[in-house]
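Visitor: First, the structure itself, so that you have it in front of you.
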Amino acid sequence: MELHNIKKIKGNRKPKKIVGRGRGSGKGAHTVGKGQKGQKSRAGKNIPAGFEGGQVPLFRKLPILSRFKSPKRYKTITITLDRLNIFEDGLEITPQTLIEKGMIKKTKRTKVKVVGTGELKKILNLSGFEFSENARKQAEKAGAVLS
1184 MELHNIKKIK GNRKPKKIVG RGRGSGKGAH TVGKGQKGQK SRAGKNIPAG
1234 FEGGQVPLFR KLPILSRFKS PKRYKTITIT LDRLNIFEDG LEITPQTLIE
1284 KGMIKKTKRT KVKVVGTGEL KKILNLSGFE FSENARKQAE KAGAVLS
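Numbering of the sequence shown is given in the numbering used here, commencing with residue 1184 and proceeding in unit increments.
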């Protein structure tokens, strides 16, 4: 089978209906299948996509309402130093440990930041966290290992 040997199937292509050429044509006289009045019944009825009759269209409003948000953005969860006192001395604490304890919720793209509110009384091994300047000083002063 080759392209030039393919036979046309009868009735495969319906001929385009020519309108406005007399009553006998089936679509002649008066409205010729376009309905009554209105913008779409007039000549040259190509209305651009998104056209809303002259009001400011939605696609022009949206950039004003909400700015671009990167899909790679992170949500930062803050936790205070005094909340880490519930763990035993010498334990390695990671954000996953806090999720398992129910202290924070697991979400996609989450960073956990430790802030220096309160006082750390335990010697802990803290890894995978971001620290505020004050929290870093207090944790090192308490003898915690930060990584």
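Backbone N, C-alpha and C define an ideal beta-carbon position, used for all residues, glycine too.
Mapping the DSSP letters down to three states, classify Lys1228 as helix, strand or coil.
Guide: Lys1228: coil per DSSP, three-state reduction.
Visitor: Apart from the five residues on each side of it in sequence, which residues of its chain come closer than 6 Å, Cβ to Cβ, to Lys1217?
Guide: Result list for Lys1217: Ser1224, in chain order.
Visitor: Can you tell me whether Ile1169 is buried or exposed, with buried defined as 16 or more other CB within 10 angstroms of its CB?
Guide: Residue numbering for the chain in the displayed model covers 1184 to 1330; residue 1169 lies beyond these limits and cannot be assessed.
Visitor: On a CA-only basis, which of His1187, Ile1276 and Tyr1257 is nearest Leu1264? Give me that one, please.
Guide: The shortest C-alpha separation from Leu1264 is found at Ile1276.
Visitor: Kindly identify the DSSP beta-bridge partner or partners of Val1295.
Guide: DSSP lists Ile1260 as partners of Val1295.
Visitor: Where Phe1312 and Arg1250 are concerned, what is the direct C-alpha to C-alpha distance, given to the nearest angstrom?
Guide: Rounded to the nearest angstrom, the two C-alpha atoms are 29 Å apart.
Visitor: Going by DSSP, what residue range makes up the alpha helix (DSSP H) through Glu1235?
Guide: Note, Glu1235: premise wrong, no alpha helix (DSSP H); not H, not E.
Visitor: How far does the alpha helix (DSSP H) with Glu1283 in it extend, from its first residue to its last?
Guide: Here the alpha helix (DSSP H) through Glu1283 covers Pro1278 to Lys1284.
Visitor: Leaving out five residues on either side along the sequence, give the residues of the same chain with a beta carbon under 7 Å from the beta carbon of Leu1307.
Guide: Around Leu1307: Leu1267, Phe1270, Leu1274, Ile1276 and Ala1327.
Visitor: Leaving out five residues before and five after Thr1259 in sequence, what residues of the same chain have Cβ atoms less than 7 Å from its Cβ?
Guide: Result list for Thr1259: Lys1294 and Lys1296, in chain order.
Visitor: With DSSP as the reference, please indicate the residues paired to Lys1314 in a beta bridge.
Guide: Looking at the sequence provided, one finds Phe at residue 1314 rather than Lys. Phe1314 is bridged to Val1297.
Visitor: Rounded to whole angstroms, what is the Cα-Cα separation between Lys1324 and Lys1304?
Guide: Going by the C-alpha atoms only, they are around 10 Å apart.
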